[in-house]
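Novice:
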Amino acid sequence: MKELDALQDAQLLDSRFCPTANRAALLFDMRTAACYPLGNAAILIVQGIRSLRWSGLPQGRSLMAFSVMTSRPSRVADDEWMMDLRFFPDGEYSIGGERADFHLLEADGIPEAPPSYPGRSLDEVQHELPSWTSTCTVLQSATTTGM
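Position one of the sequence shown corresponds to residue 1 (this note's numbering), numbered consecutively onward.
#1: How do the segment 138 to 146 and the segment 94 to 107 stand: do at least 3 beta-carbon pairs fall below 8 angstroms, yes or no?
#2: Taking its Cβ as the centre, do 16 or more other Cβ atoms sit within 10 Å of Met-64, making it buried, or is it exposed?
#3: Considering only residues of the same chain and omitting the five flanking positions on each side of Glu-80, which have a CB-CB separation below 8 angstroms?
#4: Would Ile-45 pass as a contact of Asp-101 if the rule is Cβ separation under 8 angstroms?
#5: Whose C-beta lies closer than 6 angstroms to the C-beta of Gly-91 among residues of the same chain, with five residues either side of it excluded?
#6: Which class does Gln-8 belong to by DSSP, given the choice of helix, strand or coil?
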């Protein structure tokens, strides 16, 4: 993943960090992504984590979509790749590591459009979203190291 704003309009669904394995993964809903006409989900896996940061104001709603406004990959050092993400309505995620693997997926059994969140709980919309346990077909994969 080297292109500026390649994740524009994708929605961040979840992020997991495993300090034991020194990796993090971000799960995206790609049904609204501007640059990806195919695929309804994606996973970005960053290996050799060097930095990880989320910031944002608390939201008044209990459940909402965080849509990518901008995604900026960069090389911090010869051996470090970094991605800065900004979200609507308010959020920033920065992650850096030795390498990143991006997988564009087709998750089985979810509708063509993302769910409507207002007034609903996560349990009520879960079946309408890609998840870590979704059965998927890999449509594309790319690996980036230090750029």
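Positions of the beta carbon are idealized from the N, C-alpha and C atoms, including for glycine.
No experiment lies behind these values; they were computed from the predicted model shown.
Specialist: According to the data block:
#1: yes
#2: Exposed, by the Cβ-count rule.
#3: Arg-50, Gly-96, Gly-97, Glu-98 and Gly-146
#4: yes
#5: Gly-56 and Phe-66
#6: Note: Gln-8 maps to coil in three-state DSSP.
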